[in-house]
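Taken in order, these protein sequences are the chains called A and B.
185 is the number that the numbering used here gives to position 185 of the first sequence; each next residue is one higher, with no gaps.
1275 is the number that the numbering used here gives to position 275 of the second sequence; each next residue is one higher, with no gaps.
Number of protein chains: 2
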Amino acid sequence: MESALGFFVHSSLAPFASLVLKEIMSQPAAKTKTAITPTRAEDYPEWYLQVIKAADLAENSPVRGCMVIKPWGYALWENIQRDLDALFKETGHVNAYFPLFIPMSYLQKEAQHVEGFAKECAVVTHSRLEAGADGQLAPAGELEEPLIVRPTSETIIGETYAKWVQSYRDLPILINQWANVVRWEMRTRLFLRTAEFLWQEGHTVHATQKEAEEETMKMLEVYADFAENYMAMPVIKGRKTEGERFPGAVDTLCIEAMMQDRKALQAGTSHYLGQNFAKSCNIRFQDESSNMQYAHTTSWGVSTRLIGGMIMTHSDDDGFVVPPRLAPQQVVILPIYKDDASRAQVLEYCQSLQKELSAQRFHDRKVVVSIDNRDLRGGEKAWGWIKKGVPLRIEVGPRDIASQSVFVARRDTGEKASVTRAEFVSTIVNRLQAIQDNLLARAKAYRAEHTREINSWDELKAFFTPKNTQDPEIHGGFALCHWNGSREVERRLKEELKVTIRCIALDAKDEPGKCVVTGEPSPRRVVMAKAY
Amino acid sequence: MESALGFFVHSSLAPFASLVLKEIMSQPAAKTKTAITPTRAEDYPEWYLQVIKAADLAENSPVRGCMVIKPWGYALWENIQRDLDALFKETGHVNAYFPLFIPMSYLQKEAQHVEGFAKECAVVTHSRLEAGADGQLAPAGELEEPLIVRPTSETIIGETYAKWVQSYRDLPILINQWANVVRWEMRTRLFLRTAEFLWQEGHTVHATQKEAEEETMKMLEVYADFAENYMAMPVIKGRKTEGERFPGAVDTLCIEAMMQDRKALQAGTSHYLGQNFAKSCNIRFQDESSNMQYAHTTSWGVSTRLIGGMIMTHSDDDGFVVPPRLAPQQVVILPIYKDDASRAQVLEYCQSLQKELSAQRFHDRKVVVSIDNRDLRGGEKAWGWIKKGVPLRIEVGPRDIASQSVFVARRDTGEKASVTRAEFVSTIVNRLQAIQDNLLARAKAYRAEHTREINSWDELKAFFTPKNTQDPEIHGGFALCHWNGSREVERRLKEELKVTIRCIALDAKDEPGKCVVTGEPSPRRVVMAKAY
């Protein structure tokens, strides 16, 4: 019954074997056949790449470090954009667009900023190509000043804001930009770290420190809300240590999520930039008392990295699992028929079902339902949608029509059942919400299971050290530890354990203790983890 | 009453003087005060820039040739994206994203293509910056192969498609990309021609010539529909002559619009690329008879240039006029009050009016209504919104509340009237549609007035020659002329009259005649014009 590719001839009869392994990472590797090889337990990094391939989300391009985001992956980004953009607008922001290129001299104006970005940036030096004597093209028309392809836009936007801001009446400026940026990363990984990536960058200007700090916090809350309630990805809201701050920032807030290999993913950052960029770009205003003041600025961003986070938080050994709120398709209907007579009847039933389902609204948008009527075997189709992560899969054949029912499979739990059509239609919104809730609850439980207060160096070392490279046993996670506040300890953590302080959680309670490395006094615990 | 800036102290008393000049370009210059200086008749190119400035749409950036698209301008682009994207999806397309960079060698594969784009492109040659002995940064980490910032993506997307296409079952591929592109233009003008611009580029692959040609035509129709029914900008659908084709295309279809200086604006193009890029990129597939075939590809695009077209089609000497379907705000309410007592009453009335208006739908979207409660003089506010082009402006003061009415000003005609609140609320959708329709009708009438069949060289020369540089008299427009089909005639038109053949209209009737330049036989008329 099973084909060489792991597909089943008739999916409604086939056991969704691997889905019963809810917590495969916590279990010894099972010998059950899975749609993705290797499994998470066998080789997590490779599993991640295979999930992306099986779901047709993205691929490496011929241009070093740049990815091609394929339609299914881009549809996720479109949904992320749509929902985040609405949240930005609800909080008073508008969009604008600034140049792709930054004159080299601009980057130099903020000392820490240039140090942070000069080492890996695409430099444009010429403005045309010319054929040489050998007929081969070569760069020509050298520019007077090299241009940098923006790795982030604080400087170019700051220079523009300096012209816009004259008086306190011009403030605040609350602008966001959706754009591509380039950082010449040496080691790239689809979605998580690519030379070019898509993102949004908010850049705001305020009259006072207080207002700018409130903005920084407000956008962190927007990101946390989005991560938890749209992506179903729980996050810790925290503050970066000085050593981990954005180059040029006074304060960097972040959201940190735990992936299924128990590594941390920094999923978004919100920076209070103080007057650093205002000074380097000369953003000054006349205050109400007619004194000239430097403004206070912020910047905040999330990127296509979020898609990587979503994949690694929810997917299983059968492929991608998409949270319903961001799913490009929330329900797929697979018509099953054997001959032309049943074909017409089945298709008609499917279409009227599609119509009834799409007439309903899930979080204020029509439920997105498609019918997959491709000329493929049923099992091949079903597995295709499992790997793509569609939340609900419906199969409809003549038998179902006879009993006015539908056969429903739920992607997150693998649960399958025949339910009456009427009941399914009337519960579709609740079913989608149940999946959304389950994904968040499951991810929260996973994180809780792998978060531990650790009080000694030995224990910390053991926590972050696998017994051997194929060790399927649990190790690593979020270690909540005391820290003396020094960079030296951060350096040692990185060198000896490849661990960083992810953040000082905003809700960390005051709890005097002793640094896990030096034994020196510490006012509260911080979050330590290996990270992407 | 009038301030130095041309603002009025109380706008509801102020005459909207220049709005009565419906066809100022056709009239001798009037001495009436206008919000924009110079007027269209005085200096059209400068008027265009001043309209952009007064409406706060965009500005030049410190980076040569790159513009900053400001919030009001970007909101137009967001609306263009939203509506075009829906039209693309309705016609079966999906979005994806491909790399910003193109290896130099890719560009070389299609001979005409590289010739078309090599002369003006941004070339990335280095991957980092390093401080020299003098402490100054300089490009370092030279790349093995230079990368071109995409001027268009046929080659990089073609290389990717070659991997995706194996069999006829993989076809068609119907993908669109929203992206930024860079062409190192020497002379730039905001929106119309900038080094970096935003656009969409559709790239499709088909098994047969017929299907690819149908796609090319289908997307031209989508563009024409969008131009006329969303932008209210009438266009001629036509085919480019061989000399004006996209580099590498077999056939280029286009939409051409007439601006108010009677120049043509190419507003969108749709290319049938034949097998040219399929051959250079090796996009081949096994057909149903198991033979290997080269595919047929198309590409089609519109850009932020559309915003320039919208400005130049509808705006008047008081500033921008936005078609309601694309307006970021369709109605603005200006509360007018003198003291705190009336303030509360007026604001409450405005808010409930806003609520009633926004509850209604114009073309399936909520009517967008804002209240401008800034602490500015009424006239300054009103003129601000006139210059920004908002379709309907409402003023509400205690007197209006007493009579349960609103004072309505219509941007396109300048018409003003006090109407009952109930009537206004119940007619809002019709009022917006009436403005939309009027803008299209007005632009069509303008185009008709300045389109002429011309049969002799002398007449053609006179048509395109102003008597002197400040000549306010009508000259130029679309000349419908016979043409012998030769490039030599096109060259002569360009050199002697700065005129190009904009297109051979798709609906041009067969009408044998004699070439306007050589007297040689011609099967039908073509559209000649000066152009942007």
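Ideal Cβ placement from N, Cα and C applies to all residues, glycine included.
Report the rounded CA-to-CA distance for residue i versus residue j, giving the unit in angstroms.
{"i": "R245/A", "j": "P99/A", "result": "25 angstroms"}
{"i": "L1265/B", "j": "G378/A", "result": "52 angstroms"}
{"i": "I69/A", "j": "A58/A", "result": "4 angstroms"}
{"i": "S289/A", "j": "Q166/A", "result": "14 angstroms"}
{"i": "A1035/B", "j": "G1384/B", "result": "10 angstroms"}
{"i": "D375/A", "j": "P71/A", "result": "21 angstroms"}
{"i": "A1179/B", "j": "P328/A", "result": "21 angstroms"}
{"i": "Q330/A", "j": "T518/A", "result": "51 angstroms"}
{"i": "F1191/B", "j": "L1353/B", "result": "36 angstroms"}
{"i": "V205/A", "j": "A278/A", "result": "9 angstroms"}
{"i": "S1153/B", "j": "A1195/B", "result": "16 angstroms"}
{"i": "C66/A", "j": "V1123/B", "result": "17 angstroms"}
{"i": "F302/A", "j": "A227/A", "result": "Contrary to the premise, residue 302/A reads as Val rather than Phe in this sequence. Their backbone Cα atoms lie some 11 angstroms apart in a straight line."}
{"i": "E1488/B", "j": "W1300/B", "result": "28 angstroms"}
{"i": "N1282/B", "j": "N1276/B", "result": "10 angstroms"}
{"i": "Y48/A", "j": "M259/A", "result": "11 angstroms"}
{"i": "Q50/A", "j": "G73/A", "result": "14 angstroms"}
{"i": "P523/A", "j": "Y97/A", "result": "43 angstroms"}
{"i": "M231/A", "j": "M310/A", "result": "7 angstroms"}
{"i": "C1515/B", "j": "L1357/B", "result": "56 angstroms"}
{"i": "V149/A", "j": "I102/A", "result": "6 angstroms"}
{"i": "T420/A", "j": "S426/A", "result": "10 angstroms"}
{"i": "D1170/B", "j": "S342/A", "result": "27 angstroms"}
{"i": "E215/A", "j": "L1253/B", "result": "49 angstroms"}
{"i": "R1557/B", "j": "V94/A", "result": "Residue 1557/B lies beyond the residue range present for chain B, which begins at 1001 and ends at 1532; the question has no answer from this structure."}
{"i": "C503/A", "j": "D1251/B", "result": "58 angstroms"}
Name, in chain order, the residues that DSSP records as bridge partners for residue i.
{"i": "M1258/B", "result": "A1264/B"}
{"i": "V123/A", "result": "I148/A, H1126/B"}
{"i": "S1167/B", "result": "Q1286/B"}
{"i": "G1135/B", "result": "For G1135/B, which the question treats as bridged, DSSP gives no partner whatsoever."}
{"i": "Q177/A", "result": "E201/A"}
{"i": "C1481/B", "result": "V1526/B"}
{"i": "D1340/B", "result": "In the DSSP output, where bridge partners are listed per residue, D1340/B has none listed."}
{"i": "A58/A", "result": "I69/A"}
{"i": "T1252/B", "result": "H1271/B"}
{"i": "R361/A", "result": "K366/A"}
{"i": "H206/A", "result": "H296/A"}
{"i": "G1116/B", "result": "Partner(s): none; G1116/B has no beta bridge."}
{"i": "V182/A", "result": "E196/A"}
{"i": "G238/A", "result": "C254/A, A505/A"}
- Validate contact between the segment 433-444 of chain A and the segment 403-423 of chain A using beta carbons, cut 8 angstroms, 3 pairs: yes
- Complete alpha helix (DSSP H) runs within the segment 278-335 of chain A (minimum length 4 residues, chain order): 305-314
- Ordered list of alpha helix (DSSP H) runs contained in the segment 68-101 of chain A, each at least 4 residues: 71-90
- Query: Fully enclosed by the segment 493-532 of chain A, which alpha helix (DSSP H) runs are 4 residues long or longer?
  - Reply: none
- Just list the alpha helix (DSSP H) runs in the segment 373-461 of chain A, keeping only unbroken ones of 4 residues or longer that don't cross its boundaries, in chain order. 378-388, 398-402, 421-449
- Message: To be precise: take each residue of the segment 37-63 of chain A, compare its Cβ to all Cβ atoms of chain B, and keep it if any distance is under 7 angstroms. Which residues remain?
- Response: S61, P62, V63
- Query: Between the segment 106-132 of chain A and chain B, which residues of the former have a C-beta closer than 9 angstroms to a C-beta of the latter?
  - Reply: Y106, L107, Q108, V114, F117, A118, K119, E120, C121, A122, V123, V124, T125, H126, S127, R128, L129, E130, A131
- Message: Check whether the segment 1311-1328 of chain B and the segment 1197-1210 of chain B touch, using three or more Cβ-Cβ pairs below 8 angstroms as the test.
- Response: no
- Query: Taking any Cβ of chain B, which residues in the segment 68-102 of chain A have a Cβ under 9 angstroms from it, in chain order?
  - Reply: V68, I69, K70, P71, W72, G73, Y74, A75, W77, E78, D85, V94, N95, A96, Y97, F98, P99, L100, F101, I102
- Item | Against chain B: residues of the segment 191-219 of chain A by CB proximity under 8 angstroms | E196, L198
- Could you name the residues of the segment 1146-1159 of chain B whose beta carbon sits closer than 9 angstroms to any beta carbon of chain A, in the order they occur along the chain? P1146, L1147, I1148, V1149, I1156, I1157, E1159
- Residues within the segment 1173-1187 of chain B neighbouring chain A, beta-carbon criterion of under 8 angstroms: I1175, A1179, N1180, V1182, W1184
- Message: At a CB distance below 8 angstroms, what residues from the segment 1281-1293 of chain B approach chain A? Give them in sequence order.
- Response: none
- Query: How about the segment 1239-1254 of chain B and the segment 1486-1501 of chain B: do they share at least three Cβ pairs that are nearer than 8 angstroms?
  - Reply: yes
- Query: Using a Cβ cut-off of 7 angstroms, which residues of the segment 1134-1145 of chain B contact any Cβ in chain A, in chain order?
  - Reply: L1137, P1139
- Decide yes or no for the touch test of the segment 338-353 of chain A against the segment 73-82 of chain A: beta carbon pairs closer than 8 angstroms, at least 3 of them. no
- Message: Which residues of the segment 1494-1528 of chain B have a Cβ closer than 8 angstroms to any Cβ of chain A? Give them in chain order.
- Response: none
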